[in-house]
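All remarks here apply to the structure that follows.
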Amino acid sequence: MNQTLLSSFGTPFERVELALDALREGRGVMVLDDEDRENEG
């Protein structure tokens with residue numbers, strides 16, 4: 005994943021906190037996996 009594009013949404017920890025806040029408020033979040041990563045399953 006391009007970290008430069010993601011940096012406008014904060015650090016990885018900040019993005020998790022934002023997602024948790026959204027879920028607490030009843031809003032949805034989208035979680036994507038990088039298809040170039042190794043198969044972990």
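My numbering numbers the first residue of the sequence shown as 5 and each following residue consecutively.
Glycine included, every Cβ here is placed at the ideal spot set by N, Cα and C.
Euclidean distance between Cα positions of residue i and residue j
i, j, result
"A23", "T15", "12 Å"
"L9", "R28", "25 Å"
"E1", "A26", "Because the chain is modelled from 5 through 45, residue 1 falls outside the range shown and cannot be assessed."
"R41", "G32", "25 Å"
"S12", "L36", "17 Å"
"E21", "G30", "14 Å"
Bounding residues of the alpha helix (DSSP H) (the contiguous stretch that carries residue i)
i, result
"E21", "P16 to R28"
Three-state secondary structure (DSSP) of residue i
i, result
"L36", "coil"
Residues of its chain near residue i, where Cβ-Cβ distance is below 7 Å and the 5 sequence neighbours each way are ignored
i, result
"M34", "none"
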